[in-house]
Structure formats: C-alpha cells, structure tokens
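Scroll down for the structure; my scribbles are underneath it.
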Ligand SMILES: CC(C)(COP(=O)(O)OP(=O)(O)OC[C@H]1O[C@@H](n2cnc3c(N)ncnc32)[C@H](O)[C@@H]1OP(=O)(O)O)[C@@H](O)C(=O)NCCC(=O)NCCS
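Residue numbers (our numbering): 1242 to 1576.
Printed below as a string of structure tokens:
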C-alpha cells in the first residue's frame, strides 16, 4: 500500500503585464467594472517574440517543480498535461514536455478538463501512484489564453477574465499512509457543455466543409461563456465538492488550514470562504495579479502559497475547481 504526496511545485507566468487600463484602451471596458465584478487588476499575456507557448510555459514550471522534488528528470514515470489551449490540435502537450526535457520515453497523457484540469490530473496521478504502478509523476497545468481571445468590445465579458501562465507539481510515492493526498472527488454535467465552450474548431465542420476562412464575424472561434449561469453553478458546486471531500475524511470546515480555490472570480472565492467560515489567512487568492489561468490556476496559486510559507507539514490543504463541461472537483491533502 502506498500513498502519494506533492514533492515539488513550480510556476511560470510571462513577464508581460496587461492591466485593466491597458484593456480599456482597446475595448469598451473599465478598471472599475473589471475589479468590481471579478477582482482582477492585471493579468499576464504572452508577448510576440518572448518564445512562450502553452508547452514552453509548462516546461518552465516543470523544471522548477522537478528540482524542488529533488529527483532527476529520468525518474519521472508519467507526464500528465492539462490544458484547453494546446500548442497543436494534436498531439497533446505532454509529448512536447517529454521531448523538450529529454525525459526517457515515458508515457504522456493530456487532460481536457479546462478549469478542473489540474484536479483531474492530480486525481489521475494519485491513482497511478496508489496502485504501485509509478513512483514519480509530473503534472502540469498551462494555458495560452491570450492567443485565442476576442480583443474587440464584442468579447469583453470573456476576454478581461483570462490570463496566461503555468504551474506544475511532482507527485511522488509516500510510504506514510497518514500523509499526502487523502482523496479526490470528480464530477461532470455535460448538459451545460455549450455554456462555457469554444465550438469553432471541430471535426464536424471540417467533414462538412462549412468552415469559412478568415471570417471576422465567425465568433465560434472565440470562447463563449454564459457568465451568470457559470457563476450560479460555480458557487453551488464549489461548496458541495469541498464538503464531499471533508466528509470523506471526517474533517470539519474549521480544520482546513489552506483552501486553494480555482481562480475563476474573486467573488466566487469570497462566497466559498464565507460559506466555510474561513479567514483570509486560510484561503490563497491571486486572481488579482493573474486573472483566470484555467488549468494553470490551482498549481500557480498552490506554488505561491507554498513559496510564501503559508503551507506547512501536517496542514490540511483543500484544492477545489469548477469550470467548462461543466466539470468540478476537489482534492484533500494532508501536507
Ligand atoms: C463574467 C462576469 C464577470 C460578468 O458579470 P455579470 O455581472 O454577470 O455581467 P453581465 O454578463 O450580466 O453583464 C452586465 C453588463 O456589463 C456589460 N459587460 C460585460 N463585460 C464587460 C466588461 N468587460 N466591461 C464593461 N462592461 C461589460 C454587459 O454587456 C452587460 O451590459 P448590459 O447590462 O448593458 O447588457 C460574471 O458573470 C462571472 O464572473 N461569471 C463567472 C465567470 C467564471 O467564473 N468563469 C470561469 C469559469 S471557470
């Protein structure tokens, strides 16, 4: 019998800072509107020529995580790569990481669960470790949103929210069964698939040849979000899935030392914080600086919280996410 634990964490965000005022210059929005509705003050965008892609940012975060885990890259038995914005339609980002890091020919899995992608990835890694099959798994969440957003006023409700960045974790075998990843809880509800989606690039359209090249009015090539529906579902599902994880481990909300919510909207995080009676010290938010980095959001926030000394041995750490699918999930960790 084995448990699994996070043995190393890393993050990378592009240097290029885009403030709300910067966006106000190119679309009809304002710093006040964005801060009031989302809490976001600025986000990072890949800049032409900086060399970043979704895979490259993930690799930069991964190198830090591997070093902090104290292992050699060739000790990685599996790569799991979560993103909704891969470098290529296929193959996925995992194989690009394997090649760039020159890791032996280990397996690579891509996970397509958007904002819940990192939770789904951790849950997958945890099972491979608990089964005894693998010892060290590299999990990456990375997004290049800025390459695919509508920067006209038409796209403002979505575009102001999202940012670029990556986070990574090494999940390793743990012999002490009282420590590490205690459980993960995953859900989906596909009836809402089109309420937060990017429909345009799909194979049905290729087959039926209904694709129009360079049509500026074809908004199906930009993400669509039914914002209020997403908001309402998020606050319910976040709360449910955190409670599910606590119940599974006989924990009470006041035993949470650190909650890392997916950074969707500061208002959603604040609602969840209040619901569980947590203080500001017990929740780590950084959406103010990075916006919503989807699969990158939890590993970036987790890395930051850990770097700032907010997570210590023995702490109960709760990760929770909700997003496109709809999908949602939580992971409960004893650090
Ligand atoms: C997106 C979100 C911030 C929008 O806030 P909202 O209060 O629902 O706003 P609405 O969409 O109802 O729009 C209200 C008005 O603001 C306008 N608006 C939208 N985006 C705007 C922007 N960036 N700047 C200025 N005005 C904007 C709308 O056009 C609308 O104008 P109208 O009343 O004249 O029609 C909010 O719905 C949200 O956060 N949803 C959840 C998003 C999320 O978590 N997504 C990630 C999931 S993982």
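Glycine residues also receive a C-beta, built at the ideal position from the N, C-alpha and C atoms.
- Terminal residues of the alpha helix (DSSP H) in which residue 1255 lies: Counting along the chain, residue 1255 sits inside no alpha helix (DSSP H), nor does DSSP assign it H or E at all.
- What does a CB cutoff of less than 7 angstroms around residue 1475 pick up in its chain, not counting 5 residues either side in sequence? Close CB contacts of residue 1475 within its chain, under the 7 angstroms cut and outside five residues either way in sequence, are with 1505, 1509, 1563 (chain order).
- Task: Return the Cβ separation of residue 1414 and residue 1243 in integer angstroms, given the expectation that the two are a contact with Cβ distance under 8 angstroms.
- Result: Indeed they touch by this definition, with Cβ atoms about 5 angstroms apart.
- Below 8 angstroms, can you find three or more Cβ-Cβ pairs linking the region 1462-1471 to the region 1523-1534? No, the region 1462-1471 does not touch the region 1523-1534.
- Would you say residue 1357 and residue 1568 are within 8 angstroms of each other, going by their C-beta atoms? Between residue 1357 and residue 1568, the C-beta gap is smaller than 8 angstroms, which places the two residues in contact.
- Message: According to DSSP, is residue 1329 part of a helix, a strand, or is it coil?
- Response: In the structure shown, residue 1329 sits in coil (DSSP, three-state: anything other than H, G, I, E or B).
- Task: Provide the residue span of the beta strand (DSSP E) that contains residue 1337, from first to last.
- Result: Residue 1337 -> not in any beta strand (DSSP E); alpha helix (DSSP H) instead, spanning 1334-1341.
- Is residue 1406 near ligand 1, going by C-beta to nearest heavy atom under 7 angstroms? Residue 1406 Cβ: outside cutoff for every heavy atom of ligand 1.
- Task: Measure the C-alpha to C-alpha separation of residue 1429 and residue 1566 and round it to an integer number of angstroms.
- Result: Rounded to whole angstroms, the gap between the alpha carbons of residue 1429 and residue 1566 is 6 angstroms.
- Item | Start and end residues, alpha helix (DSSP H) containing residue 1460 | Going by DSSP, residue 1460 is part of no alpha helix (DSSP H) at all; its letter is neither H nor E.
- Message: Need the endpoints of the alpha helix (DSSP H) that residue 1422 sits in, please.
- Response: Counting along the chain, residue 1422 falls outside any alpha helix (DSSP H), though it belongs to the beta strand (DSSP E) covering 1421-1429.
- Message: Count Cβ pairs between the region 1293-1302 and the region 1327-1347 that sit closer than 8 angstroms; are there 3 or more?
- Response: With a cut-off of 8 angstroms, the region 1327-1347 and the region 1293-1302 count as touching, because enough Cβ pairs lie within range.
- Query: Does any heavy atom of ligand 2 sit closer than 7 angstroms to the C-beta of residue 1466?
  - Reply: Ligand 2 is absent from the structure shown, which contains only ligand 1.
- Beta-carbon proximity of residue 1378 to residue 1307, cut-off 8 angstroms: No; because the gap between Cβ atoms is not below 8 angstroms, this pair is not in contact.
- Looking only at its own chain, which residues have a Cβ that is under 8 angstroms from the Cβ of residue 1551, when we skip the five neighbours before and after it? Same-chain partners within the cutoff: 1499, 1522, 1525.
- Query: Do residue 1380 and residue 1360 come within 8 angstroms of each other at the CB atom, strictly closer than that value?
  - Reply: No, Cβ-Cβ distance for residue 1360 and residue 1380 is not below 8 angstroms.
- Query: Looking at C-alpha atoms only, which residue of 1408, 1572, 1331, 1397 is the closest neighbour of residue 1427?
  - Reply: Checking every option, the nearest Cα to that of residue 1427 belongs to 1572.
- Message: I want to check one thing, is the minimum distance from the CB of residue 1569 to the heavy atoms of ligand 1 below 7 angstroms?
- Response: False, no ligand heavy atom lies under 7 angstroms from that Cβ.
- Tell me where the beta strand (DSSP E) around residue 1377 begins and ends. In the DSSP assignment, residue 1377 falls within the unbroken beta strand (DSSP E) covering 1377-1384.
- Query: What's the gap between the Cα of residue 1555 and the Cα of residue 1575?
  - Reply: Rounded to whole angstroms, residue 1555 and residue 1575 show a C-alpha spacing of 6 angstroms.
- Could you tell me which of 1396, 1423, 1405, 1420 sits nearest to residue 1439, measuring between CA atoms? Residue 1396 holds the alpha-carbon nearest to the alpha-carbon of residue 1439 among 1396, 1423, 1405, 1420.
- Could you name the residues of the same chain whose beta carbon sits closer than 7 angstroms to that of residue 1393, not counting the 5 residues immediately before and after it, in chain order? Excluding sequence neighbours, residue 1393 sits near 1268.
- Task: Taking all protein chains shown into account, decide if residue 1332 is buried (16 or more other Cβ within 10 angstroms of its Cβ) or exposed.
- Result: Answer is exposed; the Cβ neighbour count stays below 16.
- Three-state secondary structure assigned by DSSP to residue 1317: In this structure, residue 1317 counts as coil in the three-state DSSP scheme.
- Query: Which residues bound the alpha helix (DSSP H) around residue 1483?
  - Reply: First-last of the alpha helix (DSSP H) with residue 1483: 1468-1489.
- Task: Out of 1431, 1316, 1329, 1363, point me to the one whose CA is closest to residue 1346's CA.
- Result: Minimum Cα distance to residue 1346 is reached at 1316.
- Task: Measure the alpha-carbon distance for residue 1501 versus residue 1362 and round it to whole angstroms.
- Result: Taking the straight line joining both Cα atoms gives about 16 angstroms.
- Message: Quick check on the DSSP output: the beta strand (DSSP E) that includes residue 1290 runs from which residue to which?
- Response: DSSP places residue 1290 outside any beta strand (DSSP E), giving it a letter other than H or E.
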